[in-house]
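A.B. asks: Before we start, here is the structure in question, set down as structure tokens.
There are 2 protein chains.
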Amino acid sequence: MANINEIAKMAGVSVATVSRVLNNHKYVSEEKRSAVQKVIDQMDYTPNKSAVDLIRRETRMIGIIIPYNNNQAFDQMLHGVLNASIERDYSVIVLPTKYNKAKELTYLAMLKNKVLDGIIITSRSNDWESIIPYTNYGPVVCCEYTDHPEIGCSYIDRYASYLEVFQYLKVKGHTRVAITRGRGMESISTRQTLDAYNNTFGELPTELHISDCYCVEDGYHAGQQLLSLASRPTAIYANGDEVAGGIYLYAQSMNIKVPQDLAIMGQENQPIGVGLGLSSVDHQLIKVGEQAFELIINKLQHKIEIPYRIIHRSSI
Amino acid sequence: MANINEIAKMAGVSVATVSRVLNNHKYVSEEKRSAVQKVIDQMDYTPNKSAVDLIRRETRMIGIIIPYNNNQAFDQMLHGVLNASIERDYSVIVLPTKYNKAKELTYLAMLKNKVLDGIIITSRSNDWESIIPYTNYGPVVCCEYTDHPEIGCSYIDRYASYLEVFQYLKVKGHTRVAITRGRGMESISTRQTLDAYNNTFGELPTELHISDCYCVEDGYHAGQQLLSLASRPTAIYANGDEVAGGIYLYAQSMNIKVPQDLAIMGQENQPIGVGLGLSSVDHQLIKVGEQAFELIINKLQHKIEIPYRIIHRSSI
DNA sequence: CTGAAAGCGCTAACAA
DNA sequence: TTGTTAGCGCTTTCAG
Numbered sequence: 001m002a003n004i005n006e007i008a009k010m011a012g013v014s015v016a017t018v019s020r021v022l023n024n025h026k027y028v029s030e031e032k033r034s035a036v037q038k039v040i041d042q043m044d045y046t047p048n049k050s051a052v053d054l055i056r057r058e059t060r061m062i063g064i065i066i067p068y069n070n071n072q073a074f075d076q077m078l079h080g081v082l083n084a085s086i087e088r089d090y091s092v093i094v095l096p097t098k099y100n101k102a103k104e105l106t107y108l109a110m111l112k113n114k115v116l117d118g119i120i121i122t123s124r125s126n127d128w129e130s131i132i133p134y135t136n137y138g139p140v141v142c143c144e145y146t147d148h149p150e151i152g153c154s155y156i157d158r159y160a161s162y163l164e165v166f167q168y169l170k171v172k173g174h175t176r177v178a179i180t181r182g183r184g185m186e187s188i189s190t191r192q193t194l195d196a197y198n199n200t201f202g203e204l205p206t207e208l209h210i211s212d213c214y215c216v217e218d219g220y221h222a223g224q225q226l227l228s229l230a231s232r233p234t235a236i237y238a239n240g241d242e243v244a245g246g247i248y249l250y251a252q253s254m255n256i257k258v259p260q261d262l263a264i265m266g267q268e269n270q271p272i273g274v275g276l277g278l279s280s281v282d283h284q285l286i287k288v289g290e291q292a293f294e295l296i297i298n299k300l301q302h303k304i305e306i307p308y309r310i311i312h313r314s315s316i
Numbered sequence: 317m318a319n320i321n322e323i324a325k326m327a328g329v330s331v332a333t334v335s336r337v338l339n340n341h342k343y344v345s346e347e348k349r350s351a352v353q354k355v356i357d358q359m360d361y362t363p364n365k366s367a368v369d370l371i372r373r374e375t376r377m378i379g380i381i382i383p384y385n386n387n388q389a390f391d392q393m394l395h396g397v398l399n400a401s402i403e404r405d406y407s408v409i410v411l412p413t414k415y416n417k418a419k420e421l422t423y424l425a426m427l428k429n430k431v432l433d434g435i436i437i438t439s440r441s442n443d444w445e446s447i448i449p450y451t452n453y454g455p456v457v458c459c460e461y462t463d464h465p466e467i468g469c470s471y472i473d474r475y476a477s478y479l480e481v482f483q484y485l486k487v488k489g490h491t492r493v494a495i496t497r498g499r500g501m502e503s504i505s506t507r508q509t510l511d512a513y514n515n516t517f518g519e520l521p522t523e524l525h526i527s528d529c530y531c532v533e534d535g536y537h538a539g540q541q542l543l544s545l546a547s548r549p550t551a552i553y554a555n556g557d558e559v560a561g562g563i564y565l566y567a568q569s570m571n572i573k574v575p576q577d578l579a580i581m582g583q584e585n586q587p588i589g590v591g592l593g594l595s596s597v598d599h600q601l602i603k604v605g606e607q608a609f610e611l612i613i614n615k616l617q618h619k620i621e622i623p624y625r626i627i628h629r630s631s632i
């Protein structure tokens, strides 16, 4: 590929002039401008982005840290930032961590490298103390609330959402309610779920708490486990609609009527939920992603709460 | 951020030596190596990637062109390439086109720019003549078959898959079968669907062909439309499980029994399909994505066919 | 084994 | 309005 020197030579001007027409500077005579443009066209020339980035010290690329790249929740946030990125002419690069701390830090280092102009964290495994230092090199926003002033947040009030669901269940007369969750106790949202549970029903019996639920199949097994209990739960709050769907399927197979014998509540308003008529709480994660993107490119550290909404269908 | 010069100065060596320890060259005395490493650590230094890329002429970043960033099929391919990228220490950047030709070309130009080491096209709107020239600047692989030798392909034999489904339907005694599709006639997969249809059932009556179906809701409307026909179809082959799910829901609401009164077949083996017991053909798009990634980074122009599989559940 | 120096391709003072 | 030139931060000959 030709470079700016050759173009300059061919057009009979200096590289500075070529650079000027490339960047639409004024103070270039129409005559030279068109001469340069002509050479650019005929040589099918495009400036080398690494060189431009090197000198400009920005890349117009932002990264999004995602633990798993096939999880309904993270996918929604990804879609949100992708949606927003198109409008603003930014590129987004996906950074999957599988909750590996070192990998997560490696990605954060891309801010130092000047590969990325900013990073959005949808979920983290490092603690804030390890993350904060990177804010010196570029904006980082998180899809979870934190009061660290260096971090912008586009988040949902999960505690409030969980609390509302549990209260609702209580009002409906449920006292023995089970929950499912994804990864271990270290997860912030699990912590919040438990707090909300406690404040509504008191201590959560361990047998009513199933971990490692991600897909329909996991939900099916969770249902099996829960509904085989001597003292069955009368309601289950699943950590996603797919899991909720699996639970529903198991109940169905056992001839357990939903919602009469078992109430089920899902999350994130996924297709399987509409298919099965599952009630759900939609945390509007797409909006969370869109908002996170706006914060990043405007280098804002605001704390923005995205409202959730409960979707009433027939499983509760 | 410090640069290589400062590190060299502080460590009392030349930049060349610093570069050598950075890149794990041999022929650096253990003494100098550790001196340099110490300074690197204490300064928390990271090389500037733009500068490295500029001189190395590679970025270890590959792009994936995707028309829509919330479509089950494209999402699966994206997940496939993401899966593969983690192992190989590459970054992937998502390039959403909304089938805008100019945008697509802009992305391809990122190969010329040296922003991307390669590009994977999951679906294109430009014709091959416009795309081929870019293969001069880096590998481009497509998730669709083409015999252009410049293009690597990781694809599924859609025609064969459609044909098998239609034949199966025919054997089951169906003669009036409808189909749904996404975007306009220009889509290659629509074309192949029609060919397969023709070779099985002959001309497809226009009233049995519904366009612009993407989600559950679209499917519901399609079902409504199709099942209101004076002469109803006895089977519907949907372009995705979500659409199939919508059709199922409508049939259910009308008390039309599946599969007795209406057979439904979906595609891509999505959660809603397992929830509703919908038969589906799984094109294994995740594998398509993984394979595409391998082709790209190995700069191969092979044509690799990924097998599909029909999943029998209870809707047919 | 180590360092000096020549770039990679581009932008932006600065001077003209 | 234009050209000269000094870098941006790094890698890699080429000598020693």
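These protein sequence lines map, in sequence, to chains A and B.
Residues in the first sequence are numbered from 1 upward in steps of one, following my numbering.
Residues in the second sequence are numbered from 317 upward in steps of one, following my numbering.
We treat Cβ as the ideally placed atom computed from N, Cα and C, and that holds for glycine.
#1: So, at 7 Å on beta carbons, what are the nonlocal neighbours of B/A476 in its own chain, with the 5 sequence-adjacent residues on each side left out?
#2: Please identify, using Cβ separations under 8 Å, the residues of the region 218-235 of chain A that lie next to chain B, in order along the chain.
#3: Name, please, each residue of chain A whose Cβ falls closer than 7 Å to the Cβ of B/L398.
#4: So what does DSSP say about B/Q583, is it helix, strand or coil?
#5: Could you spell out the range, first to last residue, of the beta strand (DSSP E) harbouring B/D577?
#6: Can you list, in chain order, the residues of its chain with a C-beta nearer than 6 Å to that of B/R625? Leave out the 5 residues immediately preceding and following it.
#7: Counting beta carbon pairs with one atom in the region 145-153 of chain A and one in the region 168-179 of chain A, are three or more of them shorter than 8 Å?
#8: Please check if any C-beta of chain A sits within less than 8 Å of the C-beta of B/D391.
#9: Cβ-heavy atom distance between B/C459 and the ligand PLP below 7 Å?
#10: Applying the 10 Å Cβ sphere with the 16-neighbour rule, what's the burial state of B/D369?
#11: Rounded to a whole number of angstroms, what is the C-alpha to C-alpha distance between A/P205 and B/Q541?
#12: Can you give the Cα-Cα distance for B/N515 and B/L479, rounded to whole angstroms?
#13: Which class does A/I90 belong to by DSSP, given the choice of helix, strand or coil?
#14: DSSP beta-bridge partners for B/I435?
#15: Would the region 34-50 of chain A and the region 95-104 of chain A be scored as touching if the rule is three or more Cβ pairs under 8 Å?
#16: So, for B/Y343: in the same chain, excluding its five sequence neighbours on each side, which residues have a beta-carbon less than 8 Å away from its beta-carbon?
#17: Under DSSP, the beta strand (DSSP E) around A/A235 begins and ends at which residues?
#18: Give me the chain A residues within the contact set of B/E558, using Cβ-Cβ distance strictly less than 7 Å, ordered along the chain.
#19: Can the beta-carbon of A/D117 be found closer than 8 Å to that of A/I62?
#20: Applying the 10 Å Cβ sphere with the 16-neighbour rule, what's the burial state of B/H628?
#21: Which stretch, first to last residue, makes up the alpha helix (DSSP H) that contains B/Y423?
#22: Could you tell me the alpha carbon to alpha carbon distance between A/S189 and A/P67, rounded to whole angstroms?
#23: What residues of chain B sit near A/H79, judged by a beta carbon separation below 8 Å?
#24: From B/Q508 to A/N255, what does the alpha carbon distance come to, in whole angstroms?
#25: Counting along the chain, where does the beta strand (DSSP E) carrying B/C495 start and finish?
#26: Would a check of beta-carbon distances place B/M317 closer than 8 Å to chain A?
#27: Exposed or buried, A/L82, counting other C-beta atoms within 10 Å across all chains shown (16 or more means buried)?
#28: Tell me whether A/G12 is buried or exposed, calling it buried when 16 or more other Cβ atoms sit within 10 Å of its Cβ.
#29: Who are the neighbours of B/T438 on chain A, taking C-beta pairs under 8 Å?
#30: For B/N555, does the count of other Cβ atoms within 10 angstroms reach 16, so buried, or fall short, so exposed?
#31: Just how far apart, CA to CA, sit B/I632 and A/E294?
#32: Let me confirm a value: A/G202 is counted as buried when at least 16 other C-beta atoms fall within 10 Å, else exposed. Which label applies?
#33: Among residues of its own chain, excluding the 5 on either side of A/T135, which ones have a beta-carbon nearer than 6 Å to its beta-carbon?
#34: Between which residues of its own chain and B/A318 is the CB-CB distance below 6 Å, once the five residues before and five after are set aside?
#35: Please identify the residue among B/I620, B/N340, B/I612, B/S630 whose C-alpha is closest to the C-alpha of B/V457.
#36: Using a Cβ cut-off of 7 Å, pull out every chain A residue sitting near B/G561, in sequence order please.
C.D. replies: This is what the structure holds:
#1: none
#2: none
#3: N69, V94, P96
#4: strand
#5: Taken as a continuous stretch (DSSP letters only), B/D577 belongs to no beta strand (DSSP E), as it is neither H nor E.
#6: D598
#7: No: the two stretches stay apart, fewer than three of their Cβ pairs being nearer than 8 Å.
#8: yes
#9: As presented, the structure is devoid of all ligands, the ligand PLP included, so that no description of it is given.
#10: buried
#11: 50 Å
#12: So the two alpha carbons sit approximately 8 Å from each other.
#13: The identity of residue 90 of chain A in the sequence shown is Tyr, whereas the question assumes Ile. Coil, per DSSP.
#14: B/G379, B/V456.
#15: no
#16: R336
#17: Secondary structure note for A/A235: its beta strand (DSSP E) is the uninterrupted segment 235-237.
#18: Per Cβ cutoff of 7 Å: P271.
#19: yes
#20: B/H628 comes out exposed.
#21: For B/Y423, the enclosing alpha helix (DSSP H) starts and ends at 417-429.
#22: 14 Å
#23: Neighbours of A/H79 on chain B, chain order: N385, N386.
#24: Approximately 43 Å, taken between the alpha carbons.
#25: The residue asked about is misnamed: residue 495 of chain B is Ile in this sequence, not Cys. Start and end: 493-496.
#26: At least one chain A Cβ lies under 8 Å of B/M317.
#27: By the 10 Å Cβ count, A/L82 comes out buried.
#28: exposed
#29: Per Cβ cutoff of 8 Å: no residues; B/T438 is ~14 Å from chain A at best.
#30: buried
#31: 47 Å
#32: Burial call: exposed.
#33: E150
#34: M359, Y361
#35: B/I612
#36: P271, G275
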